[in-house]
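Each residue of the sequence shown is one higher than the last, beginning at 64 in our numbering.
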Amino acid sequence: MTPEQFIDAALWFPESEESEPFGPGALVYKVARQKMFALLTGGSDEEPATVNLKCDPELALELRGQYPAVTPGRHMNKRHWNSVLLDGTVPDDELVEMLRHSYVLVARGLRRADRDRVLAVLGEDAPETGARS
């Protein structure tokens with residue numbers, strides 16, 4: 064998945080918003096203008112982009128064991144966040160599932176009214192990966 068495809072996928076979620084609170088080069092994605100569910104950094108000719116995603120601690124360990132591109136969250140709580148190198152080794156559909164998982168975990172921490180609203184709109188949907196069968 065390219066950084067551009069990741070951005071499209073992150074902005075697909077209900078009430079998702081992009082900002083740069085840490086300065087240029089670090090794109091933060093928040094749900095309902097409140098809580099971060101993804102952080103996209105890097106993406107130059109020298110190094111692939113990296114995305115930080117919130118994750119259930121047990122699943123985080125499984126994903127780290129399954130994919131070398133998934134490591135403990137850089138500059139984040141390493142128990143609850145993974146960093147994923149966008150180097151093409153993690154299948155796009157798996158990355159979209161990780162993104163959806165992060166969004167849902169973060170949305171569950173919102174105030175009840177906000178949580179119920181965004182999760183009702185989301186339902187069981189997920190963004191398209193752009194992969195052709």
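Note that beta-carbon positions come from the ideal geometry of N, C-alpha and C, so glycine has one too. Predicted, not measured: the structure shown is a model, and the values here were computed from it.
- Exclusion of the five residues before and after residue 123 leaves 145 as the residues of its chain whose Cβ lies within less than 6 Å of its Cβ.
- The beta-carbon distance between residue 165 and residue 101, rounded to whole angstroms, is 6 Å. This is short enough to meet the 8 Å contact definition.
- In the DSSP assignment, residue 135 falls within the unbroken beta strand (DSSP E) covering 133–135.
- Put simply, the backbone Cα of residue 107 is about 25 Å away from that of residue 141.
- With a minimum length of 4 residues, the unbroken runs of alpha helix (DSSP H) contained wholly in the segment 66–127 fall at 66–75.
- Less than 8 Å divides the Cβ of residue 94 from the Cβ of residue 169.
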